[in-house]
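Visitor:
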Amino acid sequence: MAVPWGNLQLDELLSMPDYDFHRVALLIDELQDAIDAVLPDETDKKYDISWRVIEDDRPFHPQRLWDTCHRFMGAGVYRSKGFFWLPGRDDLALLWNQAAGSINLEFISYWKAGVLTHTDNSLTKEERAAIRQQTGKNAWQIW
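By my numbering, the letter at position 6 of the sequence shown is numbered 23, and the numbering carries on one by one without gaps.
1) Quick one: is Q26 buried, meaning 16 or more other Cβ sit within 10 Å of its Cβ, or exposed?
2) Going by beta-carbon coordinates alone, are S97 and A110 separated by less than 8 Å?
3) As an exercise, report each continuous beta strand (DSSP E) stretch of at least 3 residues that is fully enclosed by the segment 87–142, in chain order.
4) Classify K44: buried if its beta carbon has 16 or more other beta carbons within 10 angstroms, exposed otherwise.
5) Measuring only the C-alpha atoms, how far is A116 from H87?
6) Taking all protein chains shown into account, decide if L48 is buried (16 or more other Cβ within 10 angstroms of its Cβ) or exposed.
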């Protein structure tokens, strides 16, 4: 369905068939050879692309966040994205989304363990027990 300039009529949307997961899964199987044919290493070399995964259990301290933005934003970082948390807001899952000179930091959700500290979370006893089992009693207190 083409949607020029975001103009979508409700009756067109409602006339669409239901999403068929099994049909899409077959399409992915059919395209697997084409997907495998694209060698990421060769593409990376061709376009001089490099990447790095940074994992750190520490919160992203606001001063470290500020320093990172000012130190690396103009030094060739063209695209970065990830989840992080700040001390004092350790129950919040935040999203870092940066491209060229633009950076966006936004709240996206609560960490599972952080939800347990909220009195208005509307969780049942069973849901609370399941989250405690998944995350550990004090998992949100990482540092």
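Even glycine gets a Cβ: it sits at the ideal position worked out from N, Cα and C.
Remember, it's a predicted structure, so these values are computed and weren't measured experimentally.
Guide: Taking the definition as stated:
1) exposed
2) no
3) 96–101, 109–116, 119–127
4) In the sequence as presented, Lys is not what sits at residue 44; that position holds Leu. Flag for L44 reads exposed.
5) 14 Å
6) exposed
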